[in-house]
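K.L.:
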Amino acid sequence: MKNLFDITDRVFVITGATGALAGSAANYLASQGARIVFLGRSQEKLDAALTKCRTITLDAQCIGLVADVLDRPALEQARDTVLATWGRIDALVNGAGGNMPGATIPPDKSFSDLDFESFQQVVDLNLHGTVLPSLVFTPAMIEGGRGSIINYSSVSSPQAVTRVVGYSAAKAGVDNFTRWLAVDMAKRTGGKVRVNSVMPGFFLGEQNRRLLTNEDGSLTDRGNTIISNTPFGRFGQADELHGALHYLLADASQFVTGTVLAVDGGFVAFSGV
Ligand SMILES: NC(=O)c1ccc[n+]([C@@H]2O[C@H](COP(=O)([O-])OP(=O)(O)OC[C@H]3O[C@@H](n4cnc5c(N)ncnc54)[C@H](O)[C@@H]3O)[C@@H](O)[C@H]2O)c1
Numbered sequence: 565m566k567n568l569f570d571i572t573d574r575v576f577v578i579t580g581a582t583g584a585l586a587g588s589a590a591n592y593l594a595s596q597g598a599r600i601v602f603l604g605r606s607q608e609k610l611d612a613a614l615t616k617c618r619t620i621t622l623d624a625q626c627i628g629l630v631a632d633v634l635d636r637p638a639l640e641q642a643r644d645t646v647l648a649t650w651g652r653i654d655a656l657v658n659g660a661g662g663n664m665p666g667a668t669i670p671p672d673k674s675f676s677d678l679d680f681e682s683f684q685q686v687v688d689l690n691l692h693g694t695v696l697p698s699l700v701f702t703p704a705m706i707e708g709g710r711g712s713i714i715n716y717s718s719v720s721s722p723q724a725v726t727r728v729v730g731y732s733a734a735k736a737g738v739d740n741f742t743r744w745l746a747v748d749m750a751k752r753t754g755g756k757v758r759v760n761s762v763m764p765g766f767f768l769g770e771q772n773r774r775l776l777t778n779e780d781g782s783l784t785d786r787g788n789t790i791i792s793n794t795p796f797g798r799f800g801q802a803d804e805l806h807g808a809l810h811y812l813l814a815d816a817s818q819f820v821t822g823t824v825l826a827v828d829g830g831f832v833a834f835s836g837v
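In my numbering, the protein residues as written are 565 to 837.
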């Protein structure tokens, strides 16, 4: 019988691929035989990521290209390079994103103190930085007759998570865009190009370490609140997202589109009581 999870030689473009979650996913997908395009903003970080990928999987098929997700000409150039190298594009993983310190309302401030410029920047990165790569890379998937787009949502999208107003609004926008584009692509391609999101719960990384842990590694009050609202009682590990991504990228999910798959230790299912 056909292996529904076979992704050998599929060409996956991954933005934010020098970051924690998308970088870990890129290495895992390369280890499963996919051809990986690491997109990032820094050549130096890309070089380090490629070295790591080839150390983990000796015959890894991976290339690194510099592109800011808000820079259309750079994305178009990256797309052309991928098509010239491997002749097709089978998936886009929109892994670039995250919160920004200036867009977070500190504990002693309120919405009235919101720095609107930072709000706009965080929406730019998370929402527009998902829409623009999708715009640039979908034509190649439509033409190739196969495609899977995966966006990164957040548990701050379906419910209010205090202090992260811009990030939450942007991720709610990403969820709606996921559904919108899923419907558009389904109708235009007869289901050949699919669009879904993963919704990570809380994964400790450089972006949120300051908010969630103290210098000695103990939890901050916010970190404690999050853990007590996560039925698993812990933060997630980057490799716990691999299975969700693999499923959404592979033929195993070929009738699945427009969904948001939570990988959150039960955070969004829990009422907190
Ligand atoms: N870590 C978590 O707990 C968590 C939870 C929910 C959702 N997410 C989402 O998962 C995704 C990955 O997050 P992460 O924790 O790995 O963060 P990360 O900071 O480690 O990775 C994000 C990457 O995006 C890149 N990036 C930022 N701006 C960019 C731009 N303009 N153009 C191109 N690249 C840019 C960064 O350089 C970085 O490599 C993000 O969308 C984030 O919002 C993370």
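Even for Gly, the Cβ is constructed at its ideal location relative to N, Cα and C. On a predicted model such as this, the values are computed, not experimentally measured, just so you know.
Indicate, with yes or no, if ligand 1 has a heavy atom lying under 7 Å from the CB of Gln-771.
P.N.:
Yes - ligand 1 has a heavy atom lying nearer than 7 Å to the Cβ of Gln-771.
K.L.:
Taking 7 Å as the cut-off, does the CB of Ser-718 come closer than this to any heavy atom belonging to ligand 1?
P.N.:
Yes.
K.L.:
To the nearest angstrom, report how far apart Ile-706 and Val-646 are at their CA atoms.
P.N.:
Going by the C-alpha atoms only, they are around 15 Å apart.
K.L.:
Once DSSP output is grouped into helix, strand and coil, what is the label at Gly-666?
P.N.:
Three-state result, Gly-666: helix.
K.L.:
I'd like the ranges of any beta strand (DSSP E) spanning at least 3 consecutive residues and lying wholly in the stretch 694–737.
P.N.:
711–716, all fully within the stretch 694–737.
K.L.:
Should Ala-631 go down as buried or exposed, given a rule of 16 or more other Cβ atoms within 10 Å for buried?
P.N.:
Buried, by the Cβ-count rule.
K.L.:
Am I right that Ile-594 and Thr-621 are in contact with their C-beta atoms under 8 Å? What's the rounded C-beta distance?
P.N.:
It should be pointed out that residue 594 corresponds to Ala in this sequence rather than to Ile. Ala-594 to Thr-621, Cβ: 5 Å. Contact.
K.L.:
Compare the C-alpha of Asp-654 against each of Gly-693, Arg-710, Ala-638, Lys-616 and name the closest.
P.N.:
Answer by Cα proximity: Arg-710.
K.L.:
Starting from the C-beta of Ile-669, find all residues in its chain whose C-beta is less than 7 Å away, skip the five residues before and the five after it, and write them out in chain order.
P.N.:
Phe-675, Asp-677, Leu-678, Arg-727, Val-729, listed in sequence order.
K.L.:
Determine the closest residue to Val-656 out of Ala-648, Lys-609, Asp-672, Leu-603, with distance taken between C-alpha atoms.
P.N.:
Going by the sequence as given, residue 656 is Leu instead of Val. Checked all of Ala-648, Lys-609, Asp-672, Leu-603; the closest Cα to Leu-656 is Leu-603.
K.L.:
Any heavy atom of ligand 3 inside 7 Å of the beta-carbon of Asn-690?
P.N.:
This structure does not include ligand 3; its bound ligands are ligand 1.
K.L.:
Whether or not the stretch 577–590 and the stretch 802–819 are in contact is what I'm after, with contact meaning three or more pairs of Cβ atoms, one per stretch, closer than 8 Å; do they touch?
P.N.:
Output reads yes: the stretch 577–590 touches the stretch 802–819.
K.L.:
In this structure, does DSSP put Met-565 in helix, strand or coil?
P.N.:
Coil.
K.L.:
For the candidate residues Ile-713, Leu-775, Arg-773, Leu-776, whose alpha-carbon lies nearest to that of Arg-758?
P.N.:
Here the closest residue by C-alpha is Ile-713.
K.L.:
Give the DSSP bridge partners of Met-749, in chain order.
P.N.:
In the DSSP output, where bridge partners are listed per residue, Met-749 has none listed.
K.L.:
Mind reading off the beta-carbon distance from Ser-761 to Ser-698? Whole number of angstroms is fine, and I expect it under 8 Å.
P.N.:
Contact doesn't hold; Cβ gap of about 12 Å is too wide.
K.L.:
In whole angstroms, give me the CA-to-CA distance for Asp-540 and Ala-624.
P.N.:
Since the first residue shown for the chain is 565 and the last is 837, residue 540 is missing from the structure and cannot be characterised.
K.L.:
Taking the beta strand (DSSP E) that Asn-778 belongs to, which residues open and close that run?
P.N.:
Here Asn-778 belongs to no beta strand (DSSP E), and DSSP marks it neither H nor E.
K.L.:
Leaving out five residues on either side along the sequence, give the residues of the same chain with a beta carbon under 6 Å from the beta carbon of Gly-822.
P.N.:
If we look at Gly-822 and ignore the five residues flanking it on each side, its Cβ neighbours are Arg-743, Ala-746.
K.L.:
Can you find the residues in the same chain that come closer than 7 Å, C-beta to C-beta, to Ala-838, ignoring five residues on each side of it along the sequence?
P.N.:
Here the chain covers residues 565 to 837 and nothing more, so residue 838 does not appear.
K.L.:
With H, G and I counted as helix, E and B as strand and the rest as coil, what does DSSP make of Pro-671?
P.N.:
Note: Pro-671 maps to coil in three-state DSSP.
K.L.:
Looking only at its chain, what residues have a beta carbon closer than 6 Å to the beta carbon of Ala-667, apart from the 5 residues adjacent to it on each side?
P.N.:
The residues are Ser-682, Phe-683, Val-686, Gly-730.
K.L.:
Compute the minimum distance between the beta carbon of Thr-582 and the heavy atoms of ligand 1, and state whether it is under 7 Å.
P.N.:
Yes.
K.L.:
Can you tell me which of the three DSSP states Thr-582 falls into?
P.N.:
Coil at Thr-582, not helix or strand.
K.L.:
In angstroms, rounded to a whole number, what distance separates the CA positions of Ile-600 and Gln-607?
P.N.:
Answer to the nearest angstrom: the Cα atoms are 16 Å apart.
K.L.:
By the 10 Å Cβ neighbour count, where 16 or more other Cβ atoms means buried, how is Asn-740 classified, buried or exposed?
P.N.:
Classification for Asn-740: exposed.
K.L.:
How many angstroms separate the CA atom of Ser-720 from the CA atom of Ser-732?
P.N.:
Each residue's alpha carbon lies about 5 Å from the other.
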